[in-house]
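Under the working numbering, residues 1311 to 2148 are what the sequence shown spells out, in order.
Here is the structure we will look at, set down as structure tokens.
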Amino acid sequence: MVLFFVFLNLPHIVEPKIKEKLQQVLNSKDIEFDIQKIGFSNTVISKIRIGKGIFIDLLNIDYGFYDYDIKYLPGINLPSIHLSEMTVSGLNVHASLDDNNQFEIHGFTIPGTSKDQTRQPDTSLLSFLPKKIVLQNAKIILHAFDDEFLIPFDVLSNLSATDEKIFVRALLYPFGEKLNIRITYDLHKGVEFLKLEGNSFDLEHMNTLLFQKTKGVQLKGPVDFKLVSSSPKKKWDMHISQVVVGQPVEMSVTDVAATCLIDNKKISAGGTFNIDWPMLPLTRMQYSVTLDLKKDHKFDVTLENSKIQHCEFAHGSTLVDIKQPEFKAGFSGTQSKGKGKISLDLKQGRIQNQKQELAFADTKLSLDIDVDLTGKGKGLSSKWMLAANKVKIKSDLVQSAFPLAEGSGVFFFDRNNIPSGNMILKASKGNLRSSKFKIKASGIDFKIPIHYPNTGKRSYGTYFIPAVSYNNQYNFSTRGRIIQTDSKEFRVSGGLDFKTVKDVTAQFNSIVGFEKELWASLDFKINPVKLTYEDIKKMIPQKLDSADIEVTAWANGKADYSNRQLNTSMQVKINDGKIHMPDMKFTATGINTTVDFNDLLVPETVPGQMLTIDSIEANKIRISDAKIRFSLEDASSLLIENIRFKWCNGLVSSESIRFPQKNNAYFLTLYCDRLELTQLLKQMGLFNSQGTGTLNGRIPVIYSDGNIAFDNGFLFSTPGSGGKVMIENAGRITAGIPMDSPQFVQLDIAQEALKDFDYKWAKLIFNSFEDMLYVNMELDGKPSKLLPFEYRKELGGFIRVDASSPGSSFQGIKLDVNLNLPFNEVMKFGNKLKSILN
């Protein structure tokens, strides 16, 4: 009966004892529970509440008995309870993170967290604990970062009474991921081993937890990690497979190894990791970190790469080759404020993209970084400096080199991760060469201020190039100002001083843009300037060193570069020019032209350019109102479309001709219209004459290797339109002809007749051979006066008579005169022309 009574009232007897013991163990008096069942081997307790943060749906306890002497029942031996297994179902823990990110359970202080760290562990708990504890369907409801996070977990713990240790295995499921935890707890020493391990854990879950104040940082991708410690309060070993950063820069940190030391909430860590970034080769880094959790999470980080002799990598079509890179970085601060320094030294480097290449040596980059993410903070700012030696740039368009190029500036990322900044780029003593554009430049100095985004602030840069040459012929210097007009656009304005031609200057304005690819436009103007031979002697053939040249010239033009194509144009005006070459007995005055170039690089003009010359004198030849229509096809080809000029009071025109011709031979036909016969005879050096009448026809002119020749030139009078000719020096017709020769009398009559001759028609034929000009002149008409000749029948011909005889009247006569004239003056002109053309 006694045993039956005890068994029935056991829940009421045991419940206060259990409650008292739990209050003592858990250090909390706010405990509630209901004992649903107490049996010989099993007890069930439900509706357990510990403080305001721990709730348990059901607690199932399995146990056995062994004999135990009950003090308050003398002589009675009762079996003692032996706990074998405890199963906890439906455990809910309501917790949050405090201002220092410390984990706390609502209304409950975790045992062992007392400030009194000298208190020894309570081993009386050992007799109360079962050998096996199972937590199933448990979860932590964590309130943090203005959100609620649900973390399910399961726990299996085993107690070794002999070793006085608890072995715990737990599975946590934060964000639906799986974490494995193993803990060995010594009841005297505390935790002596802990291991936290996760596989394929998605890092995107951590963005909300880790980067509340730096929303621009994003992690992504699966990660394998492991944390192991045999002294959790002092030392941890950590390994992380990879951390993929999506923003602000996409990169991966792989194979992270670290050893962490803990001293009174001050954490020190050091180790290695790899950086995997498309812009860099796989790089091994060494680092050290200190973090003081008692001082606003104050941190100090140092970072440097392991020694690398040479590395190369590719990004798309870009190849990068660098030697002996040395990277160092240091950061210190708190969660919301910090400072840092970064330096990068390169012994040598080369960046190549298809046909473009950038090479440099002894390059140093340094950055001073300041981060302020507090309420009044402005985000991230950094001052930077860059210096590179032996900079060389190569492309299919241009090659350049600078002994030193420098850059410095400041960039910002505000709290919304919006970038801004400014910089100054400068270089000196550079040189540039472009075979395609036929340009060379040396001594290049520039200083360019750049803002992003463009704020409209007027900050001018400068440039100076003391020596520029075009086509190895035109030399000039240039200086000017540079100003940014848009985020990717600059205006360059300045002037050019031509060294080849004294006193010639040009002003220009240009726009250079970098939207998607390089583009530029340029407008320039050369003010009117009067030039002499001394000014332009370097631009013309040396054989013209005796020429006297005067000309007034000016020009304007433009250039546009886009889609990797350069388009240029220019208009050149020449006014009131004069050329006098004494050794050639050549003078041209009133030279005027406007030349429109549609390509300066070839160079090339549009068709139909016009050159006018008021007068030309070459030996005895007089030409006026010359008009030459031409086009420059390229730097070595000139097309004369046609020539028109006045000669001998008539009009001469030509067909087209191109310079140069093969074998240096030229054929040009002059078409003559109404040339005055007397002027023609005079300028050709045949006779001094007066009279009326005109001739028409053609004169083929041949120039070949310095020789000028007439090939069957043919001029004739208009049918039905005659004229008069009065030759003063007709005596040259009989010069050199013996008086007793048969043809002398005929030539003597011809020379007398030509002193005053009315003709019905006339014809001249020109031919030349070597240094002689052969002229055949035919006239059909009659002398205006009696000729001093009489016919003698006995002689069968005419004889000259003196003034005592009236002479004879010739009613009709046909004159046929052949003259052989020296052609040496023309030959000299041709030889001089040859020396100029060659």
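Cβ atoms here follow ideal geometry from the backbone N, Cα and C, with glycine treated the same way.
Quick one: using the 10 Å Cβ neighbour count with 16 as the cut-off for buried, is K1665 buried or exposed?
exposed
Run of the beta strand (DSSP E) containing E1667, from where it starts to where it stops
Q1666 to D1682
Do the segment 1773-1781 and the segment 1794-1801 touch if we need at least three Cβ pairs shorter than 8 Å?
no
I'd like to know if the segment 1869-1884 and the segment 1897-1913 are in contact, where contact means that at least 3 CB-CB pairs between them fall below 8 Å.
yes
Looking at N1615: is its Cβ nearer than 8 Å to the Cβ of T1593?
yes
Give me the DSSP bridge partner(s) of F1834.
F1818 and G1867
Taking C-beta to C-beta, are L2125 and E2088 nearer than 8 Å?
yes
When you compare each of K2103, L1601 and K1937 to I1953 by their alpha carbons, which one comes out closest?
K1937
State buried or exposed for H1620, treating a residue as buried only when at least 16 other CB atoms are found within 10 Å of its CB.
exposed
Under 8 Å, do K2034 and D2090 count as touching if we go by C-beta distance?
no
Ordered along the chain, which non-local residues of its own chain (more than five positions away) have a Cβ less than 6 Å from that of S1510?
P1532
Whose CA, out of I1371, K1488, L1460 and F1459, lies closest to the CA of V1444?
I1371
With a CB to CB cut of under 6 Å and the five nearest residues on each side skipped, what residues in its chain are close to M1311?
Low local confidence applies: a pLDDT of 44 at M1311 is under 50, so the model's placement there is unreliable, with the coordinate-based value given in what follows. Once the five neighbours on either side are set aside, M1311 has no close Cβ partner at all.
State the CB to CB distance for the pair H1416 and A1405, rounded to an integer number of angstroms; the pair is presumed to be in contact (CB under 8 Å).
7 Å
Enumerate in chain order the residues of its own chain whose CB-to-CB distance from E1342 is below 6 Å, with the five nearest sequence positions on each side excluded.
R1359
Could you check if S1966 is buried or exposed, using at least 16 other CB atoms within 10 Å of its CB as the buried criterion?
exposed
Should A1698 go down as buried or exposed, given a rule of 16 or more other Cβ atoms within 10 Å for buried?
buried
Tell me the DSSP secondary structure of D1893 in three-state form.
helix
Could you check what DSSP says for R1768 in three-state terms: helix, strand or coil?
coil
Under the three-state reduction of DSSP, which class applies to D1340: helix, strand or coil?
coil
Which residue wins for smallest C-alpha separation from S1653, given the options R1660, L2096, N1663 and E1636?
E1636
Is Q1658 helix, strand or coil when you go by DSSP?
strand
N-terminal and C-terminal residue of the alpha helix (DSSP H) that T1988 is part of:
L1987 to Q1993
By the DSSP assignment, the beta strand (DSSP E) with Y1495 in it spans what residues?
L1489 to D1496
Would DSSP call Q1278 helix, strand or coil?
Absent from the model: residue 1278. The displayed extent of the chain is 1311 to 2148, so no value can be given.
Using 8 Å as the threshold, is the C-beta distance between D1464 and L1481 below it?
yes
Give every residue of the same chain whose Cβ lies closer than 7 Å to the Cβ of V2111, excluding the five residues on either side of it in the sequence, and list them in chain order.
P2098, F2099, E2100 and G2117
Could you give the residue range of the alpha helix (DSSP H) that holds I1846?
Y1843 to I1846
Where does F2026 fall in DSSP's three states?
strand
Alpha-carbon to alpha-carbon, V1478 and Q1346
28 Å
Check the C-beta distance from F2184 over to V1701 and give it rounded, since I have them as a contact under 8 Å.
Missing from the structure shown is residue 2184; the chain here goes from 1311 to 2148 and no further.
Taking all protein chains shown into account, do 16 or more other C-beta atoms lie within 10 angstroms of the C-beta of F2020, making it buried, or fewer, making it exposed?
buried
Using only the alpha-carbon positions, how far apart do N2006 and L2025 sit?
5 Å
Within its chain, find whatever has a CB closer than 7 Å to the CB of F1824; leave out the 5 residues flanking it on each side and keep chain order.
K1798
Under the three-state reduction of DSSP, which class applies to L1513: helix, strand or coil?
helix
In the DSSP assignment, what are the bridge partners of D1807?
S1787 and T1815
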